[in-house]
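The working numbering applies: residue 8 is where the sequence shown begins, and numbers increase by one.
Just so it is clear, CB atoms sit at the ideal spot from N, CA and C, and this is done for glycine as well.
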Amino acid sequence: MNDPYEDRSMPADSSASGYDEDDLADIENMKPPELDYYAVLNLSKTASEEDIKDSYKRLSRIFHPDKHSDPALKQAAETKFHVINKAFEVLSNPQLRTAYDEYGEEGINTKWEIGHRVKTPQELREEYARLAREKREMELESLVRSRNEITVNINASRVFKEEEILTPFGGTAYAKKNSGGYLSALKRTEIMQLYMKNSFETQFGPRTQFIVGGQMSSRNGMGGGNIIGTIRHTFNEKLNVELGSSLLNPRIGVLKGTYSIDPLTFITGSAQVRNFQGPAPLVLTFGRRITKGATGYMTYRTGEWAIGSWGPVFERRREFSSLALGVSSQDENRAYQIEVQTGLMQSHISVDHTWTLDRSTKVRVGGNVSTTAGIHASIGGDRKVTQHVKVGLALEVSLSGIVIFNIKVKRLGQSLTVPIILAGEFNPKIAFWAAVLPICAITALDTGYVKPKRKKERAQKIAELRHIHADFIAKQKKEAEEAIELLRESTARKMLQEQEKDGLVIVQAHYGNLDAAPELGLVVDVTIPVQALVNNSQLIMPAGHSKSHILGFYDPCLGEKKQLKIRYEFQRRMHEVVVTDLASVAAPVRSHLLA
Numbered sequence: 008m009n010d011p012y013e014d015r016s017m018p019a020d021s022s023a024s025g026y027d028e029d030d031l032a033d034i035e036n037m038k039p040p041e042l043d044y045y046a047v048l049n050l051s052k053t054a055s056e057e058d059i060k061d062s063y064k065r066l067s068r069i070f071h072p073d074k075h076s077d078p079a080l081k082q083a084a085e086t087k088f089h090v091i092n093k094a095f096e097v098l099s100n101p102q103l104r105t106a107y108d109e110y111g112e113e114g115i116n117t118k119w120e121i122g123h124r125v126k127t128p129q130e131l132r133e134e135y136a137r138l139a140r141e142k143r144e145m146e147l148e149s150l151v152r153s154r155n156e157i158t159v160n161i162n163a164s165r166v167f168k169e170e171e172i173l174t175p176f177g178g179t180a181y182a183k184k185n186s187g188g189y190l191s192a193l194k195r196t197e198i199m200q201l202y203m204k205n206s207f208e209t210q211f212g213p214r215t216q217f218i219v220g221g222q223m224s225s226r227n228g229m230g231g232g233n234i235i236g237t238i239r240h241t242f243n244e245k246l247n248v249e250l251g252s253s254l255l256n257p258r259i260g261v262l263k264g265t266y267s268i269d270p271l272t273f274i275t276g277s278a279q280v281r282n283f284q285g286p287a288p289l290v291l292t293f294g295r296r297i298t299k300g301a302t303g304y305m306t307y308r309t310g311e312w313a314i315g316s317w318g319p320v321f322e323r324r325r326e327f328s329s330l331a332l333g334v335s336s337q338d339e340n341r342a343y344q345i346e347v348q349t350g351l352m353q354s355h356i357s358v359d360h361t362w363t364l365d366r367s368t369k370v371r372v373g374g375n376v377s378t379t380a381g382i383h384a385s386i387g388g389d390r391k392v393t394q395h396v397k398v399g400l401a402l403e404v405s406l407s408g409i410v411i412f413n414i415k416v417k418r419l420g421q422s423l424t425v426p427i428i429l430a431g432e433f434n435p436k437i438a439f440w441a442a443v444l445p446i447c448a449i450t451a452l453d454t455g456y457v458k459p460k461r462k463k464e465r466a467q468k469i470a471e472l473r474h475i476h477a478d479f480i481a482k483q484k485k486e487a488e489e490a491i492e493l494l495r496e497s498t499a500r501k502m503l504q505e506q507e508k509d510g511l512v513i514v515q516a517h518y519g520n521l522d523a524a525p526e527l528g529l530v531v532d533v534t535i536p537v538q539a540l541v542n543n544s545q546l547i548m549p550a551g552h553s554k555s556h557i558l559g560f561y562d563p564c565l566g567e568k569k570q571l572k573i574r575y576e577f578q579r580r581m582h583e584v585v586v587t588d589l590a591s592v593a594a595p596v597r598s599h600l601l602a
């Protein structure tokens, strides 16, 4: 017989006490878990009919009321045996099991309640009032949605530019313009361009939206703006069309449409008319999903063109025809895009790749080789600093051009973008420090402010949750303690059987936040429940077992990550294993624990 833990157990995770600082939204929506029928019978969701029957028979022998003569235990057994019967009734029926797997308790269409009232009438009224208020806010938001973009182009190249001076020997040297100090140098920055765009979207019907947008641009004291109205309509699941027009000069008309040929194939097209001075430039894209996560596409742009004398002559055209082939892909962990374009005036190859480090942080690297702009590279990232605010930084470098540092702040539908020109020509020194300093600044901000702030907010929210659900936790604890008393006698017999054959004997097991101080009561003794799960020297612990107070488990530290620490004897040798975050167990492993 092999050691059921040997070489396969997961060691204690040194990061178990740490948390993803981005889980506050999950905690906000946290509520006491519903009873899991699979956990009641100590089964996985892939359990066979035989597994369900065997588990039911085994638990019935323990929890049947007739097995207990003590009045208090008999009453506790009746309650738990009723739940076990209900779980077996649902999971042994293929139709009910399918409905339960898909929709939970509501899916089986029964009036029998297994939940608990965890709030007072006043708290329930406040909860309903909050939900109603949020619903009204969402309805208002869906009626009128506002989007605002501000871009401020800043030229700071004169701050870092070195000036040419003559040496006493007739040579040439370079020195920084540092007269007047750093403040004087910063005064040499100038705002090159200011661009603002704002739009309001309102729903006209289930399939129609109306958008009013305005934009303005100012450069060196000169500028202009326009107002554009757009109607967007979805005819069916395959076709949607967008029609827009400006209200002021220059007159611009836009027509866009997307048609889904089949679930894997689509085609889009757009046409833009400017003052009717020539035929509308067209952009046509044909795309098709080529793998599970990747889509290939081909885009053709006509550029400006003419029919006879209607349209600009070649020398005055600002847009020229081109053909692009590309592949794009996006999933939870990364996204990339590769494109090759050839055209009359400009051809390029571009690559972009984005990695998702966690739910709040993304890093992007891109490169472009063009016949007109040369080699261009960029690196950047963005991070969510609060629930609604995201900050992004990026560095763009062109070997034959300028060095630009981009700052972008987004909050809900509002965004502010500030491109700062650091050098008018490629400068390795400036490019290096422009990349290093922001990373150091963000790291310091994240370590010194963001993470401590989130940790404090998380602790406050968990304390609030424990207060709100105190009655629920107390009831779960009581029912788990009752289950342990019901399991005590049968577990003692099982332990003797395992000892006789040098099998698996659970010496001690604790569950909860093992790093917390003992006086906080965030760890419970689950030695008896764990030993009760041992069968033929194997321990089976499927996902959800830690939610089952029927089997003697309950959550002693709501909102925190938990560990299960087990000291066990197998073949007369002592062992110890720590399993981190049992809530993440995905399937039963019949020979050992798995986190």
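Option nearest residue i by Cα separation, candidates the options
i, options, result
"F577", "L291, A79, L351, E505", "E505"
"K514", "L406, E507, I535", "Here residue 514 is Val; the residue named in the question, Lys, does not match the sequence. Comparing Cα positions, the closest option is I535."
"E526", "E496, T450, C564, G228", "C564"
"L262", "T275, L546, F273, Q279", "Q279"
"S164", "I345, E326, G408, R152", "G408"
"F327", "G111, Y107, Q353", "Q353"
"L193", "V166, L400, K204", "V166"
"V443", "A516, R154, L400, D108", "L400"
"H360", "N340, S367, T378, S377", "N340"
"R500", "N542, K482, K484", "N542"
"E315", "G285, D365, R323, D338", "Residue identity check: residue 315 is Gly in the sequence provided, not Glu. Among G285, D365, R323, D338, the Cα nearest to that of G315 belongs to G285."
"N205", "M223, N256, K462, K299", "M223"
"T298", "D453, G260, D338, G431", "D338"
Residue i versus residue j: straight-line alpha-carbon distance, rounded
i, j, result
"E583", "R574", "4 Å"
"G455", "V425", "25 Å"
"F433", "G374", "16 Å"
"K436", "K458", "32 Å"
"S405", "R371", "17 Å"
"H355", "I238", "34 Å"
"S497", "Y63", "15 Å"
"E464", "I69", "44 Å"
"P213", "H240", "9 Å"
"T292", "L351", "19 Å"
"V320", "F283", "15 Å"
"L529", "K484", "12 Å"
Cβ shell of residue i (< 8 Å), same chain only, five flanking positions each side left out
i, result
"R80", "The displayed chain sequence assigns Leu, not Arg, to residue 80. Answer for L80: E489, E492, L493, listed in chain order."
Local conformation of residue i per DSSP, three classes
i, result
"I91", "helix"
"V290", "strand"
"L503", "helix"
"R226", "strand"
"D359", "strand"
"P270", "coil"
"T368", "strand"
"Q570", "strand"
"L80", "helix"
"P603", "Given that the chain is displayed from residue 8 to residue 602, the structure contains no residue 603 and the question cannot be resolved."
"K184", "Note that K184 scores 49 on pLDDT, short of 50, meaning its location in the model is unreliable; the coordinates nonetheless yield the value given after this. Correct three-state label for K184: coil."
"D522", "coil"
"T241", "strand"
"T306", "strand"
Nonlocal neighbours in the same chain, by C-beta distance under 6 Å from residue i, ignoring five residues either side
i, result
"A301", "V334, S336"
"L332", "M305, V347"
"G510", "S544"
"F211", "F217"
"S422", "E156"
"V219", "F207, G236"
"S153", "F207, G420"
"V416", "V398, L423"
"R258", "N282"
Buried or exposed (CB count within 10 angstroms, at least 16 for buried), residue i
i, result
"T587", "buried"
"T53", "exposed"
"L558", "buried"
"M548", "buried"
"M502", "buried"
"K568", "buried"
"D562", "buried"
"S76", "exposed"
"R495", "exposed"
7 Å Cβ shell around residue i - same chain, five flanking residues per side excluded
i, result
"F412", "L402, I427, L429, A441"
"H395", "R418, L419"
"L271", "R295, R296"
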